[in-house]
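Student: Residue numbers (this note's numbering): 2 to 366. Let me begin by handing over the structure; questions about it come next.
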Amino acid sequence: MINKIIGRDPGCDHVILDPRNRVSRRHAAFIKLDGKFYIKDLGSLNGTFINGNKTTPEKLIQISANDKVTLSIDYPLDLSHFLKDEDVTNFLPKVSHDDATLVFEDNLATFKKGQKIVEFDRDKTQLGELLKMDDTPFITIGRNSDNKFVINSNNISRYHCKIRLITPIMVEIEDLGSSNGSFADEEKLEPHKKYQFASSVILRFGSSYQLNLKSIFPSIQIIQKLAPPKPMPQPASKPNTAPSKKQLEDFNELEGIWKEFIDRQNQANNAATGYGIGGTVLGIAASIFLGPVTGGSSILATVASAGGGILGRYLGQQQSSKIKNDLTYEDAFLQTYACPRCMESFQKKPWITIRECYKCKFKFR
2 MINKIIGRDP GCDHVILDPR NRVSRRHAAF IKLDGKFYIK DLGSLNGTFI NGNKTTPEKL
62 IQISANDKVT LSIDYPLDLS HFLKDEDVTN FLPKVSHDDA TLVFEDNLAT FKKGQKIVEF
122 DRDKTQLGEL LKMDDTPFIT IGRNSDNKFV INSNNISRYH CKIRLITPIM VEIEDLGSSN
182 GSFADEEKLE PHKKYQFASS VILRFGSSYQ LNLKSIFPSI QIIQKLAPPK PMPQPASKPN
242 TAPSKKQLED FNELEGIWKE FIDRQNQANN AATGYGIGGT VLGIAASIFL GPVTGGSSIL
302 ATVASAGGGI LGRYLGQQQS SKIKNDLTYE DAFLQTYACP RCMESFQKKP WITIRECYKC
362 KFKFR
């Protein structure tokens, strides 16, 4: 018997990171028994439906390739992942332990590694959700010689912290209960808790040791912090004041932001775009935030200059280097693609059509 658990929990065999929370943590099970295929709802909050009919929890319901299965009333379950081959050894695509594939089709991304499948919305899935799936390795830092990065100082604990590169412009760090603490931009980190930071972060261990991130991650791109645009309310008496040179420059830079956003959409929408991920070079968190890779290029090569894109611009404008777990690619785009005068987002309106900000009525063309 084959029993594959489907749900939001990272421990499931088939993980679905649904931003609308229609899928329960352990929603349903796919079961192969005596050559037949079944779906069983595991007491999910929103139910499991077959051809529009809600199933009874904990009851085996036989299915075929022609059936339409949804989790809740409107999250379609792609049965091809489960019914692809009746041979148990070919239950899922064959990939080696260290290799993975990532396929983009419209806004849905499907990550496959071994017997694991993860589905997620590439624009709206939160960074924290992706990091639960991401197995990019950590590097340990400390005084002991078996650490990957050794610091010979009595002020440093034997196993002080661990750190990994999520993307070329983001790192994740966890203090391992060090005696003298780990500090990010002079803020002490809570032990045994993972934090995400832009590459501009200044890391200090103990009272004085400042970590050079490039000494650990040669490919990291250090973001230069930018002064975020300040909202400037338009005086009622001067509704058509001409923009300053700096405001025009900031507005014209939005053309590049729009182009990156559209190019990213087109790469996935022209056809199902798939590529391999060798080992855990950057992980799926890098892929979702830096876009799909085409032409067989490695992820690392493709994003080597990504620091100036949407994500880099967004992180550079933030006052703090700390990145919130609930950050999505869509958040970064909408907050970056905004009026340089009042910071009102232009939403997804094509750049070429924007003449003025509808909020502050400031004219740019």
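For every residue, glycine included, the Cβ atom is placed at its ideal position computed from N, Cα and C. Note that the structure is predicted; figures quoted are calculated from it, not measured.
Taking the C-alpha atoms as reference points, what is the distance between ASP75 and ILE3?
Tutor: For this step, residue 75 is matched to residue 74 along the sequence shown. For this step, residue 3 is matched to residue 2 along the sequence shown. Approximately 26 Å, taken between the alpha carbons.
Student: Excluding the 5 residues preceding and the 5 following LEU249 in the sequence, name in chain order all residues of the same chain whose CB lies nearer than 6 Å to its CB.
Tutor: Along the sequence shown, read from residue 1 onward, the residue named residue 249 stands at position 248. Once the five neighbours on either side are set aside, LEU249 has no close Cβ partner at all.
Student: What does the Cβ neighbour count give for HIS193, buried or exposed, with the cut at 16 atoms within 10 Å?
Tutor: Within the sequence shown, residue 193 is the residue found at index 192, counting from 1. Per the 10 Å Cβ criterion, exposed.
Student: Does the distance from the CB of MET171 to the CB of GLN211 come in under 8 Å?
Tutor: To locate residue 171, count along the sequence shown from 1; it is residue 170. To locate residue 211, count along the sequence shown from 1; it is residue 210. The answer is no: Cβ separation not under 8 Å.
Student: For the alpha helix (DSSP H) containing ASP332, list its first residue and its last residue.
Tutor: For the purposes of this step, residue 332 is identified with residue 331 of the sequence shown, where counting begins at 1. From DSSP, the alpha helix (DSSP H) with ASP332 extends over 330–337.
Student: Quick check: the segment 244–264 against the segment 344–361, are at least 3 beta-carbon pairs closer than 8 Å?
Tutor: Short answer: they touch.
Student: For HIS82, report the span of its alpha helix (DSSP H) as first-last.
Tutor: The count along the sequence shown starts at 1 and reaches residue 82 at position 81. Unbroken alpha helix (DSSP H) run through HIS82: 81–84.
Student: Which one of ARG9, SER321, THR57 has the shortest CA to CA distance from ASP186?
Tutor: Along the sequence shown, one-based indexing puts residue 186 at 185. Comparing Cα-Cα distances from ASP186 to each of ARG9, SER321, THR57, the minimum goes to SER321.
Student: Distance check for PHE121 and THR111, CA to CA, integer angstroms please.
Tutor: Counting from one through the sequence shown, the residue named residue 111 turns up at place 110. Counting from one through the sequence shown, the residue named residue 121 turns up at place 120. Taking the straight line joining both Cα atoms gives about 7 Å.
Student: Are the beta-carbon atoms of SER179 and HIS161 separated by less than 8 Å?
Tutor: What you label residue 179 is simply residue 178 of the sequence shown in a count that begins at 1. What you label residue 161 is simply residue 160 of the sequence shown in a count that begins at 1. Judged by their CB atoms, SER179 and HIS161 are nearer to each other than the 8 Å cut-off.
Student: From the DSSP output, in three-state form, read off TYR39 for me.
Tutor: Within the sequence shown, numbered from 1, the residue matching residue 39 stands at position 38. Correct three-state label for TYR39: strand.
Student: So, is LEU227 buried or exposed, given that buried needs 16 or more other C-beta atoms within 10 angstroms?
Tutor: As a position in the sequence shown, residue 227 is number 226, starting the count at 1. Exposed.
Student: Quick one: what does DSSP say LEU128 is sitting in, helix, strand or coil?
Tutor: Start at 1 with the first residue of the sequence shown, and residue 128 comes out as number 127. Helix.
Student: Using only the alpha-carbon positions, how far apart do CYS343 and CYS361 sit?
Tutor: Residue numbering aside, residue 343 sits at position 342 when the sequence shown is read from its first letter. Residue numbering aside, residue 361 sits at position 360 when the sequence shown is read from its first letter. Cα-Cα distance, rounded: 7 Å.
Student: Among PHE252, ASP107, VAL16, which residue has its Cα nearest to the Cα of LYS113?
Tutor: Start at 1 with the first residue of the sequence shown, and residue 113 comes out as number 112. Selected option, being the one with the closest Cα: VAL16.
Student: Distance check for GLY317 and LEU204, CA to CA, integer angstroms please.
Tutor: Counting from one through the sequence shown, the residue named residue 204 turns up at place 203. Counting from one through the sequence shown, the residue named residue 317 turns up at place 316. So the two alpha carbons sit approximately 17 Å from each other.
Student: Under the three-state reduction of DSSP, which class applies to PHE290: helix, strand or coil?
Tutor: Taking the first residue of the sequence shown as 1, we reach residue 290 at position 289. Three-state DSSP puts PHE290 in a helix.
Student: From LEU78 to ASN52, what does the alpha carbon distance come to, in whole angstroms?
Tutor: Start at 1 with the first residue of the sequence shown, and residue 78 comes out as number 77. Start at 1 with the first residue of the sequence shown, and residue 52 comes out as number 51. If you take the alpha carbons of LEU78 and ASN52, they lie about 12 Å apart.
Student: Measure the C-alpha to C-alpha separation of PRO58 and VAL119 and round it to an integer number of angstroms.
Tutor: Working through the sequence shown from its first residue, we reach residue 58 at position 57. Working through the sequence shown from its first residue, we reach residue 119 at position 118. C-alpha separation (whole angstroms): 24 Å.
Student: Where do the N-terminal and C-terminal ends of the beta strand (DSSP E) with LEU18 fall, by residue?
Tutor: Counting from one through the sequence shown, the residue named residue 18 turns up at place 17. Unbroken beta strand (DSSP E) run through LEU18: 15–18.
Student: Go to GLY8, then tell me how far its beta strand (DSSP E) extends in each direction, as first and last residue.
Tutor: As a first step, residue 8 is located in the sequence shown; it is residue number 7 there, counting from the start. Start and end: 3–8.
Student: Identify which residue in ILE142, ASP136, LYS37, SER245 has its Cα closest to the Cα of THR168.
Tutor: Reading the sequence shown from its first residue, position 167 is the one you call residue 168. That would be ASP136, whose Cα lies nearest to the Cα of THR168.
Student: Contact defined as beta carbons within less than 8 Å: I believe ARG144 pairs with ARG165. What is the distance between those atoms, to the nearest angstrom?
Tutor: Along the sequence shown, one-based indexing puts residue 144 at 143. Along the sequence shown, one-based indexing puts residue 165 at 164. About 20 Å; that fails the 8 Å criterion.
Student: Using the C-alpha atoms, what's the distance from THR126 back to LEU72?
Tutor: For this step, residue 72 is matched to residue 71 along the sequence shown. For this step, residue 126 is matched to residue 125 along the sequence shown. Between LEU72 and THR126, the C-alpha separation is close to 18 Å.
Student: Using a threshold of 8 Å, state whether the C-beta atoms of LEU132 and GLU173 are closer than that.
Tutor: Along the sequence shown, one-based indexing puts residue 132 at 131. Along the sequence shown, one-based indexing puts residue 173 at 172. Yes; because the gap between Cβ atoms is below 8 Å, this pair is in contact.
Student: If I follow the unbroken alpha helix (DSSP H) through GLY1, where does it start and stop?
Tutor: This structure gives no information on residue 1, because the portion of the chain shown stretches from 2 to 366.
Student: What does a CB cutoff of less than 6 Å around ARG23 pick up in its chain, not counting 5 residues either side in sequence?
Tutor: Within the sequence shown, the letter at position 22 stands for residue 23. Taken in chain order, the residues that qualify are ASN47, SER73, TYR76.
Student: Can you give the Cα-Cα distance for ILE140 and SER208, rounded to whole angstroms?
Tutor: Against the sequence shown, residue 140 aligns to sequence position 139. Against the sequence shown, residue 208 aligns to sequence position 207. Roughly 21 Å between the two C-alpha positions.
Student: Hey, quick one: how far does the alpha helix (DSSP H) through ILE217 stretch, first residue to last?
Tutor: Here residue 217 refers to the residue found at position 216 when the sequence shown is read from its first residue. 214–217 is the extent of the alpha helix (DSSP H) around ILE217.
Student: I need the straight-line Cα distance from TYR39 to GLN116, nearest angstrom please.
Tutor: For the purposes of this step, residue 39 is identified with residue 38 of the sequence shown, where counting begins at 1. For the purposes of this step, residue 116 is identified with residue 115 of the sequence shown, where counting begins at 1. Going from the Cα of TYR39 to the Cα of GLN116 covers about 19 Å.
Student: Going by DSSP, name the residue or residues bridged to ALA77.
Tutor: Taking the sequence shown and counting its residues from 1, the one referred to as residue 77 is at position 76. Looking at the sequence provided, one finds Pro at residue 77 rather than Ala. Residue pairing by DSSP places PRO77 opposite THR71 in a beta bridge.
Student: Per DSSP, what are the beta-bridge partners of CYS358 in this structure?
Tutor: Sequence index remark: in the sequence shown, residue 358 carries index 357 (1-based). The partner list for CYS358 (beta bridge, DSSP) is empty, contrary to what the question assumes.
Student: Report yes if the C-beta distance between PHE31 and LYS60 is below 8 Å; otherwise report no.
Tutor: Position 30 of the sequence shown, counted from the first residue, corresponds to residue 31. Position 59 of the sequence shown, counted from the first residue, corresponds to residue 60. Against a cut-off of 8 Å, the Cβ pair of LYS60 and PHE31 comes out as no contact.
Student: Say the cut is 7 Å; is the CB of LEU177 nearer than that to a heavy atom of the ligand GTP?
Tutor: The model on display carries no ligand, and the ligand GTP is accordingly not part of it.
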